[in-house]
Amino acid sequence: MSTVDTIKDRLSITDVVGAYVKLEKAGANLKGICPFHQEKTPSFMVSPARSSYYCFGCGAKGDIFSFVEQFEGLDFMGALKVLADRAGVEIKKEDPSAKTERERLFRIMETASLFYHKGLSEDQTAKDYLKKRGVEVQTIRAWRLGYALAEWRSLYAYLISKGFSAQEMLKAGLVKSADNGFYDTFRSRIIFPIANTGGRIVAFSGRIFPVDDEAAKYLNSPETALFNKSAVMHGYDKAKFEIRTKNLAILVEGQMDLILSHQVGITNTIATSGTAFTDLHAGLIKRFAEKLVICYDGDKAGVAAALRAAVVALRSGLDVRIARLPDEKDPADMCIENKQAYLDAIAGAEHVIDFALGTILRAKLDKRQQEKLIVSTVLPYVKALESPVEQGHFLLRIADRSKIREDDLRAELKHLPIGGSAGTSNSSPLNSAGSAGKSTVMSASLERPIRESVVVRQLFGIMLLLDNSPAVKTAGDTAGDKNPASPKEPPVTADFIQKEIARIEGDDRAKALVERFKDQKEEMLFEAERAYSSTDFIEADVKELLKRLEIEQLEQRYAEAADALAIAEREKDEGKTAELLEACRQISKKLSILK
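To convert, take the position in the sequence shown, counting from 1, and add 4; that gives my numbering.
Written as structure tokens, this is what we have:
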């Protein structure tokens, strides 16, 4: 048995976490006030059965080692020593080849970083490129920028010479395997090391150089034992203290946006690492700040990405604002060309609700289209606000700017499910209005992520609960047992739920949802356990959730058909009008049956 396994065998997570946090019973689990962010109501859950913890407030999760790492500010080896001492386990001195796998991965990443950094110092063309982009020598050193040579096996050969194996390189994501051996993951790229919260390198991001139109502009390390892209933020180790001091985080997308922001003194800036903004990223920010300003590129794609990130951040309880940058400009450009204009954009950032509303009001839309979009894409943000006072404040503001009666807005808000409502789709008039500018991105970025987090997320959590509780039987499992002649309903199992989601959403959509939620299994299982201390109501709830899911899907299809019908009527297309009227009638019929 390894040292780690021995420690886990001797120390329960209840004892370890209980030494730092007062825990009380919560069904099969324990709960307490989270030690990683400020809260009044306990949202921190511990599972003795799975030896894991999860916080619903900030997203912190893991085992006894990650808990001690986060609480004490230690790396893995530091946490190992603390827990080994407590467990009475001796950590024997080992030669490098016998170190723990995790520590070996840290060492290989550090060694690779030194190799890349040396490669940059010896490549004048790459240095000239960074200089042209405005990157100073001090920044190159502070961020340990590097350059990956064009050769296929230069890093591989170097690491072999330093005593690392090909398997270790594979596990670290530094090489790939082929029929004729191994080759470097990064070649002909400017290298940006990505560190964890403690400053240790866990991944790399590489920008192609020289430019090659056939290669991806950026290439990021794959996920490894060290690197979970949904939980790591680039620059967090350097920015966290300034974020805490200012109670504000600045979120950017690109690597150059990040390092140039720090170079000009905006040191509370952080970036995601090759992925969309997630609940875990929001949790990291909430440890130190209540406010977030999103500064993505000023083009349509940047605005769309900012709105998607804002959904997640607002849902976590952050005060979320979006900076409106000039078209075709990114933060890196502005840091070099006009730092003051960039600072002004940050200072003048609009609350996400104002930003979304303003985007719609500036679009060239008729009154009916405008009102529908406000209800479907702005009100879900209002619904996500925890405070009724804040909700009232923004309803007044929306009413004043849009000239929609406040009472009507309140009535619409009341009918929205918690966390969101049926919104517009990619086929809406807003998305087809090329002259609408940035507002063409609105509908793709708002409602669907919110709805998924409510209905579909609940269903996925129940699926996990059923899979992890083989002894659980719902009423459907035993229906018909008392009367063998009666028809037996299909039991409510994980497989049954998955098939029903596929039936309602379609196979492709269902597969995409599985992919989306695959990294959130632990927290979804905690959510389901919290909701169902007993399993008496699972079957009824599953049926109700599936019904709600089907209603939402039909309502969305009806909205799309109604939008298309309005266009067909304006264009006097009688054939299309008749076809869409029939589609609306059929959908309405199905809805009336379900409701």
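All C-beta atoms, glycine included, are put in the ideal place defined by N, C-alpha and C.
Per DSSP, residue i forms a beta bridge with which residues?
i	result
residue 187	180
residue 224	209
residue 276	237
residue 152	193
residue 34	29, 50
residue 255	274, 298
residue 57	50, 66
residue 325	297, 355
residue 198	207
If you count every other CB in all the chains shown that lies within 10 Å of the CB of residue i, and 16 or more means buried, which is it?
i	result
residue 249	exposed
residue 41	buried
residue 370	exposed
residue 433	Confidence in residue 433 is poor, its pLDDT being 29 and thus under 50, which makes the residue's placement unreliable; the coordinate value appears in the next sentence. Buried, since its Cβ has 16 or more Cβ neighbours within 10 Å.
residue 185	exposed
residue 168	buried
residue 282	buried
residue 393	exposed
residue 3	Nothing about residue 3 can be read from this structure; the chain reaches only from 5 to 599.
residue 355	buried
residue 593	exposed
residue 427	Here residue 427 scores only 32 on pLDDT, less than 50, and its place in the model is too uncertain to base an answer on.
residue 140	exposed
residue 409	exposed
residue 577	exposed
residue 290	buried
residue 182	exposed
residue 319	buried
residue 494	exposed
residue 384	buried
Closest to residue i by CA distance: which of the options is it?
i	options	result
residue 278	268, 123, 227	227
residue 39	391, 176, 287, 316	287
residue 22	167, 377, 48	48
residue 348	319, 367, 512, 328	328
residue 528	516, 459, 569	459
residue 544	466, 318, 171, 168	466
residue 195	214, 183, 305	214
residue 81	407, 242, 204	204
residue 127	580, 192, 577	192
residue 601	530, 83, 65	Residue 601 lies beyond the stretch modelled for the chain, which goes from 5 to 599, so this question has no answer here.
residue 216	154, 498, 163	154
residue 521	511, 554, 566, 468	468
residue 275	336, 8, 323, 74	336
residue 164	137, 120, 115	115
residue 52	374, 533, 79, 367	533
residue 68	365, 373, 10	10
Considering only the beta carbon of each residue, do residue i and residue j sit closer than 7 Å?
i	j	result
residue 257	residue 300	yes
residue 382	residue 416	no
residue 302	residue 333	yes
residue 143	residue 259	no
residue 34	residue 20	no
residue 508	residue 463	no
residue 223	residue 239	no
residue 252	residue 221	no
residue 151	residue 124	yes
residue 247	residue 293	yes
residue 350	residue 307	no
residue 176	residue 113	yes
residue 148	residue 197	yes
residue 506	residue 471	no
residue 199	residue 241	yes
residue 580	residue 587	no
residue 526	residue 65	yes
residue 106	residue 172	no
residue 326	residue 345	no
residue 162	residue 190	no
residue 570	residue 584	no
residue 387	residue 361	no
residue 270	residue 138	no
Closer than 6 Å: is that where the CB of residue i sits relative to any heavy atom of the ligand SAM?
i	result
residue 370	As far as ligands go, the structure on display features none, and thus does not contain the ligand SAM.
Give a yes or no on contact between the stretch 9-26 and the stretch 72-92, applying the rule of three or more CB pairs nearer than 8 Å.
-> By the Cβ rule, the stretch 9-26 counts as touching the stretch 72-92, because three or more pairs are nearer than 8 Å.
Inter-stretch contact (C-beta, 8 Å, three-pair minimum) for the stretch 554-569 and the stretch 57-68 = Look at the beta carbons and you see the stretch 554-569 not touching the stretch 57-68: under three pairs across the two are nearer than 8 Å.
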